Amino acid sequence: MAGAGASATVVRETVARDSAWVRVWNRWHLHPWGLIGATIMFALGLTPSLLPRDWFYQGLVSGLAAGIGYGLGTGLHAVWVRWLRDRLGPRLNRHLEELSDRTRAVLEIALIVVSLLWLVGMVIFSLRWQRGIAELTGARALGLWEYLLVLPVGGVVFLAVVLLGRGLRLLARWLSNRVPNRLTPSIRGVIAWLAVAVALVFVVEQAIPGTLVRIGERVFSARYADPEEGTVPPTIPERSASPGSHVDWDGVGTYGARFLNQGLHADQLSELTGRPAEEPIRLYAGIGNEPTDAGRAGLIIDELERTDATEREAMLVVVTTGTGWVNPQTAQAFELLYGGDTAVVAAQYSAMPSPLHFLAGGEEVRGAGREFVTPIVDWWNALPEEDRPKLYLYGESLGSTGIEAAFSGMRDIANSVDGILLTGPPRFNPLHTQFTERRDLGTPAVAPEYSGGLVVRFAAHTEQIRSWAGEPAEAWGPTRMLYVQHPSDPVAWWTPQLILREPDWLEEPAGHDRLPAMQWLPFITFLQVSADLPVSQNVPDGHGHNYGDAMLDGFAAIAGPGRFTVADVDRLEPLLEEALGMAGNSEFG
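So in the UniProt record's numbering, the last one in the sequence shown is 589, and the numbering has no gaps at all.
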């Protein structure tokens with residue numbers, strides 16, 4: 001009898017232990033339908049996109065995709081239970097209800113194990129795609145063991161999304177309980193979820209961007225306000241912040257100081273090219289010099305007049321990146337082409353990095369384009385036509401957004417300046433969108449043709465620019481606008497519309513540096529291209545968001561027929577690399 005009592009106690013303890021872990025599992029387990037959806041979406045997130053992804057960003061993409069898949073799976077289950085189960089599967093439903101809680105838990109754990117094993121195989125297989133993209137773009141290929149870190153990173157992200165979803169469900173339930181009881185439970189639930197959805201949209205579209213801008217400006221204004229150690233005020237009159245300049249050195253900021261310290265001087269240009277050279281004019285105004293874009297434009301105009309910039313052959317107005325940075329390759333390429341007979345001008349409109357402006361929609365840079373570029377263009381147009389330099393505009397990434405904002409359309413551009421070069425334009429640029437959507441029939445979205453290329457042209461790589469060299473002069477008019485956008489540049493192709501709509505450029509044959517295996521998938525492609533954005537410059541020039549190799553060809557193309565030849569550009573290309581490596585273009589100038 002004692003033995004029987006002990007056995008009964010053991011059985012009760014075992015049942016209690018089993019019941020305890022089953023209760024815990026039932027409280028925190030992953031829904032089987034959701035798990036199936038998550039597994040499928042995690043695997044789809046491993047498919048290729050524009051650029052090679054390291055283990056962190058791939059894990060982020062697949063984890064977020066799995067979270068979406070989990071929501072879709074549980075949503076389908078809710079539809080099944082409410083409307084379809086009793087009609088289509090009563091026998092299956094009876095069998096499922098007969099399963100014990102312990103059996104259900106074991107089956108769900110088995111499903112998780114099978115899913116993990118399948119995903120390990122998919123991660124290993126997807127490494128082939130990543131290596132293919134790396135080969136196309138000249139980037140570093142990942143090793144197998146490094147890439148397997150995708151699984152733990154993706155798992156953590158997935159669980160975070162699931163917890164967020166459960167939190168939103170609790171919030172919706174709480175709101176539903178506060179809706180008047182005279183309404184049916186279904187209507188109360190719909191009202192609660194609509195309220196949650198409206199709140200989410202407000203947070204994503206208004207609260208987060210606005211907060212990013214406010215915090216970003218406060219943090220980075222202090223960080224980039226002063227010239228950094230190693231930079232010194234210029235001493236030659238052709239530079240802003242020199243003796244006699246209208247610009248104070250302490251106000252040009254970190255990147256203004258770099259721009260004014262960088263660049264080869266006349267004697268260095270002559271030594272490098274073996275030809276006579278002028279002392280290049282470089283002018284810059286920072287937020288610390290004038291608080292408004294219009295004020296900085298006025299300061300630059302005063303500087304242009306002080307330095308006799310109207311006597312130069314060519315003038316370049318640059319709209320900077322968010323922090324006020326001017327790409328050293330841009331200014332140096334322009335000065336090399338014209339032998340220093342140039343004036344390059346720029347101004348800071350913000351201290352916040354471009355990615356934050358990009359997330360906020362680029363409104364601040366649009367204001368800079370209207371308030372800074374327009375007064376300078378108007379000043380130039382008021383000069384005697386026969387006694388003024390050629391006027392060119394340049395914008396890189398968000399800088400292209402600022403350049404576009406200064407004009408209402410193609411006719412305005414043709415009547416205002418001599419040429420415009422824009423590289424890596426964001427998809428939300430209005431003129432870029434207009435030219436692309438109204439492109440000539442039969443031309444691709446990645447390199448469209450607009451009105452026969454009479455004013456505006458698009459190029460996917462430098463060889464395409466060079467192919468126009470032999471055209472008749474009248475084929476590309478006196479005012480030339482050139483967009484350069486790589487097929488692999490996520491900045492040029494990212495848009496929220498990728499969530500539910502296949503873009504034209506993915507229906508077309510892949511460009512020279514995009515993997516043909518990339519296909520549009522709802523939600524997935526948006527996540528992938530979004531993850532490509534922060535690594536868009538982690539590839540060599542000529543790919544992603546790096547356009548350094550297009551500067552010489554681009555400026556030569558918009559200069560008009562007869563001014564520069566392909567041979568001129570070929571001669572200057574190695575010299576540009578050498579110039580960028582010289583002291584005048586070092587990290588601190």
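We treat Cβ as the ideally placed atom computed from N, Cα and C, and that holds for glycine.
Computed from a predicted structure; not experimentally measured.
Contact check for Val-61 and Ala-531: beta-carbon distance about 5 Å, within the 8 Å limit, so the pair qualifies. Cβ-Cβ distances below 8 Å link Gly-367 to Asp-293, Tyr-349 and Ala-405 in the same chain, with the five nearest sequence neighbours on each side left out; the list follows chain order. Annotation note: the stretch 442-529 contains the following uninterrupted alpha helix (DSSP H) runs of length 4 or greater, listed N- to C-terminal: 462-466, 490-493 and 504-507.
Distance from the CA atom of Arg-282 to the CA atom of Gly-263, rounded to whole angstroms, is 9 Å. From the listed residues Val-123, Asp-54 and Leu-50, the smallest Cα separation to Leu-44 is found for Val-123. Taking a cut-off of 8 Å for Cβ pairs, the stretch 424-433 and the stretch 488-496 touch, as three or more such pairs fall below it. In this structure, the straight-line span from the alpha carbon of Leu-272 to that of Asp-341 is close to 15 Å. Val-484 is not a Cβ neighbour of Gly-562, given a cutoff of 8 Å.
A straight line joining the alpha-carbon of Pro-375 with that of Gly-295 spans about 10 Å. Here Val-318 is bridged, per DSSP, to Ala-346 and Tyr-394. Leaving aside the five residues that flank Pro-227 on each side, the residues in its chain whose CB is nearer than 6 Å to its CB run, in chain order, Ala-257.
Within a 10 Å sphere around the beta-carbon of Asp-513 sit 16 or more other beta-carbons, which makes this residue buried. In the assembly as shown, Val-156 is an exposed residue. Its beta-carbon has fewer than 16 other beta-carbons within 10 Å. Using a 10 angstroms sphere on the CB of Trp-476, the tally of other CB atoms reaches 16 or more, which defines it as buried.
Counting the other CB atoms within 10 Å of its CB gives Leu-441 a total below 16, which places it among the exposed residues. Following the DSSP letters along the chain, one finds Ala-160 inside the alpha helix (DSSP H) bounded by residues 150-176. Taking all protein chains shown into account, Leu-183 has fewer than 16 neighbouring C-beta atoms within 10 Å of its C-beta and is therefore exposed. Uninterrupted beta strand (DSSP E) stretches at least 3 residues long and entirely within the stretch 272-311 occur at 281-285, given in chain order. Secondary structure at Gly-253: helix, using DSSP grouped into helix, strand and coil. Taking every protein chain shown into account, the CB of Trp-174 has fewer than 16 other CB atoms within 10 angstroms, so this residue is exposed. By DSSP's assignment, Gly-419 forms a beta bridge with Tyr-392 and Arg-480.
No Cβ-Cβ contact shorter than 8 Å links Pro-237 with Gly-230.
For Ile-68 and Leu-163, the gap between their C-alpha atoms comes out near 12 Å. When the Cα atoms are used, Pro-574 and Ile-413 turn out to be separated by approximately 33 Å. Of the candidates Glu-463, Gly-424, Arg-480 and Gly-402, the residue whose Cα lies closest to the Cα of Met-410 is Arg-480. Cβ-Cβ separation between Glu-303 and His-265: approximately 18 Å, too far for a contact (criterion under 8 Å). Less than 8 Å separates the beta-carbon of Leu-50 from that of Val-529. In the DSSP annotation of this structure, the continuous segment of the alpha helix (DSSP H) that includes Asp-568 starts and ends at 566-581.
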